[in-house]
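Student: Residue numbers (our numbering): 35 to 115.
The beta carbon of each residue, even a glycine, is placed where N, CA and C say it ideally should be.
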Amino acid sequence: DLNAYRTDVIQALGGVETILEHTLFKATAFPSWEGLFWERASGFEESMKFKKLTNAQRSGLNQIPNRRFTLWWSPTINRAK
């Protein structure tokens, strides 16, 4: 069960607040960390979903979850010395 695994990993890393202290979260200006999870679409993404978009605009929207992931993990990934 992935939900149990996710919960265990978050707890092993010290909880959400501790994880956020070691990421770039403060630079995002998000009021809450919940908006950063890529399985939840933001209000902006939801509002754009049903509009008439060009292919370039649509592919740009598809990049948002990837950018969130990169922003979330970049301090961890780039920590190697």
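Return the first residue and the last residue of the alpha helix (DSSP H) that Asp35 is part of.
Tutor: Per DSSP, Asp35 belongs to no alpha helix (DSSP H) and is neither H nor E.
Student: What is the rounded straight-line gap between the Cα of Gly48 and the Cα of Lys86?
Tutor: For Gly48 and Lys86, the distance between alpha carbons rounds to 43 Å.
Student: Using the C-alpha atoms, what's the distance from Ile44 back to Thr37?
Tutor: Checking the sequence shown, residue 37 turns out to be Asn, not Thr. Taking the straight line joining both Cα atoms gives about 11 Å.
Student: At what residues does the alpha helix (DSSP H) containing Thr52 begin and finish?
Tutor: 50 to 55 is the span of the alpha helix (DSSP H), which, as asked, contains Thr52.
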